[in-house]
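Chains as they are written, first to last, in our numbering: chain V, 4 to 445; chain X, 4 to 445.
The structure under discussion appears below in the form of structure tokens.
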């Protein structure tokens, strides 16, 4: 028999209420999250609540309370109290998404303090921290003190979330993972926002991806997620805006780790692919504008100047050095992990690439060793793909459309090429171009 | 971190499927119930499934599979293979519901073998086993061998469910009790029917109560439960029919334990209250008719003869003796536990009892010591209430409408009378009579 205590009785009533679809009030949600974090509420009751939330949903006030209860389970850094303005940025993840890497030194070069507690890659999307760890010496596991020191030293920092941030989220996520409750807008929202808001930035820009390589493929789902993430921040003290950006093809040419570092540096040198620059610039403008020190026009000019003057590049060197990395990689890409061999994929026909399933492109890249299918997989930083041609591009039969960069592991080259071509569609007509920035939500 | 194994992976997919509302197939349900019974599937995954079922419901085939998976978790007695015809009966419970006690010797006196694995009282309803245990010496905890011996000796038996019957139900019920998933038609159905069908009777008559003293107060809920219970037996080999009977006032005059044994014996002597006789006869007719040896008319005649000939009374003596009880109580009620004192409740005005909240009447009886609010409460067999006047009866101011029979515990008599009157409504007009047997479902 399971023990039944007074605490169980309250939990039982709350579970009945949520099962019937009724919203829980703030005290009830706080009681549940606090109790579960302290192990006073057992997993079998939490999993019942998670399933009830996953099926019956949550109101916007419930989500905001859930998010804030989860963030209060751990440290709150209140960085907005330490700086006039402190910016944060979050992406829902995609293939070739190096926006955080380009954005950080770029806005820092405009005098904006920015820091992110970021994640590692899992599944088809890459992880910002994994990419940074391709840089020899780079330390992405900073203590809170080292995080703040890096901000003081150079104005920008990216590190893994520390143990103290939102422990409730770690416990809840582990349970969601084994109880079929991962797919739930309110639970996804609270998980993301509890970690982000715990830092206590002045402003947070959300890059919510949409398309075949996004967490939410469908536009209306992406928009609902963006709105939900913004709603969950109500009353938190952090100003949150979102851009819905395209992830129906890889962002930029490079997907992997070392190769994305190279592409990042090309971007801060002003030579990056147009799509990476456009998506990054849109977010950088919002970060500058939310500070109140810039309007859209002056933000655009400041960003342009930071790039053309070489300050963004210089900031990148300072940032890498501040986190222990070798800044010489900026001038000598051969200091980064190098692919053992490169396999060219050639167009089987002339015409247009009409579509590329970007989820498949991401999983392909992961399978090369560039990402993780399980949390304890080891990354091969040299492995990756260069998507020289992407959806909408014209190709000639026999022309190189991609370069598969192999890391340490031996692979069947013909099988790789064949698998690559399985997720690329060719046709005679150029497909309609998708906008890179779909919508701005506040 | 929670461990993740191959088994977890399957469970995770099943939980996702049920969360999305999709029906689980038979193998999936069997896998889940078998795994949980053997503790291969942990409570936190089972509670997530229970919540998903409680919210999203189950199809009739899912319910039948769930029921049969739960019954297969333990012993299956297959009694229909040992006897030409073996009958079973189940009631959803009510106040003053002594139908099983009257029915068993009555149909046995007509040559029908009948046996029930019954429950104890919890909450506002009494328990058949508790009532039987008011008889000095009566043993309601029979092994399977003793159960079958009692059938051989006298043709009827009522005992508590043994440990070996549907262990999955015990484990699942304990979890439902603390996870807010008690109120769920498919889970209620599977819980009831897994225990009943494990006995493997030839036929089972379900007495589904409706009204203010019933588990389902509302008629449409009662009917849905009856239909659900019948549907869950599909393919089980036990023929199941249901009668929806009235529980908007106590059944008979007596509610308690010893007092209900006295009323039971009055019934088998042919002197019982008309409502108890009508509800019991309706079920007894179905049990006789389902054997194929009687039609409705000959069943009615056989039951009439068993009563008027004294065979039903003689059968009652044999039955009590077969289960170790003192059969002399049939002729000498003073051998039963006696109330220490009796408090009369008098009508505060003349007119009609227009309604009595029978749930409250049941809870009142429980509070006297006649039932249990918690599973480990001790029963006072002498305590109870005689509802001399019930809904629809005409009363004169100052006339005795009820007698409160106190057991060992001292009580504030004025407070008891005042509380009793709080759930009885009086008026000038006789309320419309409710039928005793509402509907017969097959």
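Even for Gly, the Cβ is constructed at its ideal location relative to N, Cα and C.
Answer yes or no: does any C-beta atom of chain X fall closer than 7 Å to that of residue i?
i              : result
residue 40(V)  : no
residue 51(V)  : yes
residue 445(V) : no
Pick out whichever of the options has its Cα sitting closest to the Cα of residue i.
i              : options                           : result
residue 198(X) : 375(X), 232(X) and 169(X)         : 169(X)
residue 404(X) : 346(X), 181(X) and 443(X)         : 346(X)
residue 263(X) : 76(X), 99(X) and 306(X)           : 99(X)
residue 413(X) : 397(X), 133(X) and 370(X)         : 370(X)
residue 229(X) : 37(X), 239(X) and 189(X)          : 189(X)
residue 238(X) : 381(X), 316(X), 63(X) and 372(X)  : 63(X)
residue 351(V) : 411(V), 85(V) and 423(V)          : 423(V)
residue 324(V) : 154(V), 406(V), 94(V) and 177(V)  : 154(V)
residue 416(V) : 379(V), 343(V), 383(V) and 360(V) : 343(V)
residue 82(X)  : 203(X), 225(X) and 271(X)         : 203(X)
residue 41(V)  : 178(V), 311(V) and 171(V)         : 171(V)
residue 390(X) : 278(X), 432(X), 435(X) and 130(X) : 278(X)
residue 246(X) : 430(X), 385(X), 282(X) and 326(X) : 282(X)
residue 359(X) : 428(X), 160(X) and 248(X)         : 428(X)
residue 354(V) : 19(V), 74(V) and 398(V)           : 398(V)
residue 209(X) : 180(X), 177(X) and 106(X)         : 106(X)
residue 133(V) : 433(V), 438(V), 378(V) and 432(V) : 378(V)
residue 125(X) : 381(X), 408(X) and 18(X)          : 381(X)
residue 76(V)  : 174(V), 311(V), 122(V) and 101(V) : 174(V)
Whose Cβ in chain X lies nearer than 8 Å to the Cβ of residue i?
i             : result
residue 22(V) : 54, 57, 58, 183, 184 and 186
With a threshold of 7 Å between beta carbons, is residue i in contact with chain V?
i             : result
residue 19(X) : yes
Residues of chain V with CB under 7 Å from residue i, in chain order?
i             : result
residue 15(X) : 181 and 183
Measure the beta-carbon distance from residue i to residue j and round it to whole angstroms, keeping in mind my assumption that it falls under 8 Å.
i              : j              : result
residue 113(X) : residue 322(X) : Incorrect: roughly 14 Å between the Cβ atoms, too far for contact.
residue 362(V) : residue 127(V) : 5 Å
residue 22(V)  : residue 57(X)  : 6 Å
residue 250(X) : residue 214(X) : 4 Å
residue 165(X) : residue 53(X)  : At roughly 25 Å, the Cβ-Cβ gap does not stay under 8 Å, so residue 165(X) and residue 53(X) are not in contact.
residue 192(V) : residue 66(V)  : 5 Å
residue 201(X) : residue 78(X)  : 6 Å
residue 137(X) : residue 261(X) : 4 Å
residue 72(V)  : residue 44(V)  : Not really, about 13 Å apart at Cβ, beyond 8 Å.
residue 393(V) : residue 356(V) : 6 Å
residue 328(X) : residue 139(X) : 7 Å
residue 276(V) : residue 255(V) : 5 Å
residue 348(V) : residue 420(V) : 5 Å
residue 226(V) : residue 442(V) : 7 Å
residue 160(V) : residue 130(V) : Their Cβ separation, rounded to whole angstroms, is 16 Å, which puts residue 160(V) and residue 130(V) out of contact at 8 Å.
residue 178(V) : residue 46(V)  : 6 Å
residue 294(X) : residue 115(X) : 6 Å
For chain C, check one thing: does any of its Cβ atoms lie closer than 7 Å to the Cβ of residue i?
i             : result
residue 28(X) : Within the model displayed, chain C is absent; protein chains V and X are what it includes.
*Could you run through the region 378-394 of chain X and flag, in chain order, every residue whose CB is less than 7 Å away from some CB of chain V?*
none
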